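Take a look at the structure set out below.
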Amino acid sequence: PEGGAQAGGWPEGVGTTGLQARFFANGNFFTPDRKARFIAIRPTTEIRTSPDYPLILNTGRIRDHWHTMTRTGKSPRLSQHIAEPFVEIHPADAQRFGIGDADIARVSSPRGDVLVRALVTARQRQGSLFAPMHWTDQFSAKGRLDTLTAPLTDPISGQPALKHVAARIEKFAAKAFGFAVTRRRPEPDTAAYWAVAKCKGGWRVELAFAEDDIDWAGFAGSLFGAPVGAEILAYHDRDAGQHRIAAFDGDQLSGALFVAPGPVAVSRGWAAEQLSVDHVDRRDRLAIVAGRPGGVDVDRGAIVCSCFGVGANQIAEAVRRGCGSVAAIGTALHAGTNCGSCRAEIRVIIDAQSLQAAE
1 PEGGAQAGGW PEGVGTTGLQ ARFFANGNFF TPDRKARFIA IRPTTEIRTS PDYPLILNTG
61 RIRDHWHTMT RTGKSPRLSQ HIAEPFVEIH PADAQRFGIG DADIARVSSP RGDVLVRALV
121 TARQRQGSLF APMHWTDQFS AKGRLDTLTA PLTDPISGQP ALKHVAARIE KFAAKAFGFA
181 VTRRRPEPDT AAYWAVAKCK GGWRVELAFA EDDIDWAGFA GSLFGAPVGA EILAYHDRDA
241 GQHRIAAFDG DQLSGALFVA PGPVAVSRGW AAEQLSVDHV DRRDRLAIVA GRPGGVDVDR
301 GAIVCSCFGV GANQIAEAVR RGCGSVAAIG TALHAGTNCG SCRAEIRVII DAQSLQAAE
């Protein structure tokens with residue numbers, strides 16, 4: 001190892017070099033008879049639902065991020081699959097609490113609250129919510145789940161109760177939504193909700209605003225940090241609440257901002273890719289303002305396979321061309337053939353396309 005340090009086994013006592021054998025490799029435990037012990041406990045009564053907090057929030061991990069993103073947050077490849085904090089909610093609960101798919105939701109506990117993107121899905125059990133714990137103040141405005149959990153610990157191990165808390169959910173009354181890509185790291189502090197993620201050539205950022213009376217050109221200029229003399233292309237429909245602004249420094253895109261009264265419908269993966277290519281043709285620049293590729297450009301869709309950069313649109317097209325299994329998708333696109341963690345998501349796309357074909 002670098003610096004001459006030697007690898008050792010844990011635990012390592014004072015004056016020792018650490019364990020050389022793996023714990024429990026011989027099947028024994030650290031008890032007098034070397035057998036495991038079950039310890040009876042009483043479940044805590046401090047975490048329970050109530051009329052004010054009628055749901056159970058479970059916290060956990062997602063596929064491509066580890067811990068608090070101190071490493072994975074620096075990787076464009078690992079950040080492209082899921083780029084913002086979210087909460088999963090069952091459709092019946094979503095209807096009950098007035099939450100729509102892609103809304104910004106406020107999730108609260110007796111200790112605090114967070115703002116996260118709502119994902120309405122039947123894979124979540126009714127009465128329960130799920131949210132990942134990875135996001136910190138470095139990557140989101142208000143996505144830290146540790147602000148919700150109770151200061152309770154297991155009486156024997158000392159393990160904190162970080163994964164289970166009574167909560168409530170409500171729709172955040174956003175007046176405007178935004179999505180942007182920018183070459184420099186954005187600082188959108190004026191937005192009530194923001195979440196940034198690294199992408200090739202720069203950053204992408206999701207936005208939501210408590211007010212809509214905003215100088216969008218000024219906001220975009222501050223967000224992009226475009227140089228003096230940058231070419232600006234813009235589209236404004238103030239009656240509809242639609243605004244699209246792109247700034248170019250020579251042949252390079254400095255940034256693009258898309259604003260709408262509801263969750264922004266734009267090809268996010270494609271927009272992010274425009275930071276790493278040159279834009280000589282004016283038609284290419286106008287396509288950025290449109291928010292979708294023109295001509296022969298391909299929109300891969302939301303990235304499913306991070307290992308090979310394969311998007312949902314590519315997988316769906318392969319299914320329409322006859323790839324009816326995860327293995328067939330792997331042969332055609334390589335998706336799912338490396339780490340394999342995306343295979344379940346590929347299966348969902350195959351099933352959805354097969355259902356559409358049957359209809």
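Every letter in the sequence shown is one number past the one before it in the working numbering, and letter 96, counting from 1, is 96.
Cβ coordinates follow ideal geometry from the N, Cα and C atoms, glycine included.
Keep in mind the model is a prediction, meaning the values are calculated, not measured.
Across which residues does DSSP place H164 in a beta bridge pair? According to the DSSP secondary-structure assignment, H164 is paired through a beta bridge with N58.
Looking at the secondary structure, which residues open and close the beta strand (DSSP E) in which R204 lies? Per DSSP, the unbroken beta strand (DSSP E) holding R204 starts and ends at 202-209.
Under 7 Å, do P85 and V120 count as touching if we go by C-beta distance? Not a contact, by the Cβ cut-off of 7 Å.
Tell me whether the beta-carbon of L275 lies closer than 7 Å to the beta-carbon of G201. Result yes, Cβ atoms of L275 and G201 sit closer than 7 Å.
With distances taken between CB atoms, is the gap from S306 to H81 smaller than 7 Å? In contact: S306 and H81 (Cβ atoms closer than 7 Å).
Let me check understanding here. Comparing Cα to Cα, which of A192, A226, I288, D251 lies closest to G269? Residue I288 is the option with its Cα nearest to G269.
Which listed residue (T70, A118, Q353) has its alpha carbon closest to that of C323: Of T70, A118, Q353, the residue nearest in Cα terms is Q353.
Just the Cα atoms here: how many angstroms apart are R405 and A344? A query on residue 405 cannot be resolved here, the shown segment of the chain reaching from 1 to 359 and no further.
Short check: CB of V181 to CB of A271, under 7 Å? At a Cβ-Cβ threshold of 7 Å, V181 and A271 count as neighbours.
Could you check the C-alpha separation between P1 and C339 for me, to the nearest Å? Low local confidence applies: a pLDDT of 45 at P1 is under 50, so the model's placement there is unreliable, with the coordinate-based value given in what follows. The straight-line gap from Cα to Cα measures roughly 26 Å.
Rounded separation between L115 and G98 - CA only: If I take the Cα positions, the gap works out to 15 Å.
Straight-line Cα distance separating S109 from A167: Rounded to whole angstroms, A167 and S109 show a C-alpha spacing of 5 Å.
If T153 sits next to R144, beta carbons under 8 Å apart, how far is it from one beta carbon to the other, in whole angstroms? Not a contact, Cβ separation roughly 19 Å.
Does the pairing of the region 220-238 with the region 36-46 give three or more beta-carbon distances under 8 Å? As far as the Cβ criterion goes, the region 220-238 does not touch the region 36-46, which means the pair count is below three.
Taking just the CA atoms, how far does R347 sit from R111? Inter-residue distance for R111 and R347 is about 39 Å (C-alpha atoms, whole angstroms).
Enclosing alpha helix (DSSP H) for W216 [first to last residue]: 216-224 is the span of the alpha helix (DSSP H), which, as asked, contains W216.
Status (buried if at least 16 other CB within 10 Å, exposed otherwise) for V228: That one is exposed.
Following the continuous alpha helix (DSSP H) through V289, name the residue where it begins and the one where it ends. V289 -> alpha helix (DSSP H) spans 282-290.
Less than 7 Å separating the beta-carbons of A105 and I169? For A105 and I169, yes; Cβs fall inside 7 Å.
What would DSSP say about E345, mapped onto helix, strand or coil? In the structure shown, E345 sits in a helix (DSSP, three-state: H, G or I).
Between the region 202-220 and the region 179-193, can you find at least three pairs of beta-carbon atoms closer than 8 Å? As far as the Cβ criterion goes, the region 179-193 touches the region 202-220, which means the pair count is three or higher.
Please state the DSSP three-state secondary structure of W66. Residue state, collapsed to three classes: coil.
Rounded to the nearest angstrom, what separates I350 and V304 at their Cα positions? Near 13 Å, if we compare the C-alpha coordinates of V304 and I350.
Under DSSP, the alpha helix (DSSP H) around S140 begins and ends at which residues? Segment: none, S140 is in no alpha helix (DSSP H) and carries neither H nor E.
Run of the alpha helix (DSSP H) containing R300, from where it starts to where it stops: No alpha helix (DSSP H) holds R300; DSSP gives it neither H nor E.
For P32 and D64, the rounded distance between their alpha carbons: Roughly 42 Å between the two C-alpha positions.
With distances taken from CA atoms, which of A173, D213, S140 is nearest R204? It is S140.
Residue burial classification, A83 (beta-carbon count within 10 angstroms, cutoff 16): Answer is buried; the Cβ neighbour count reaches 16.
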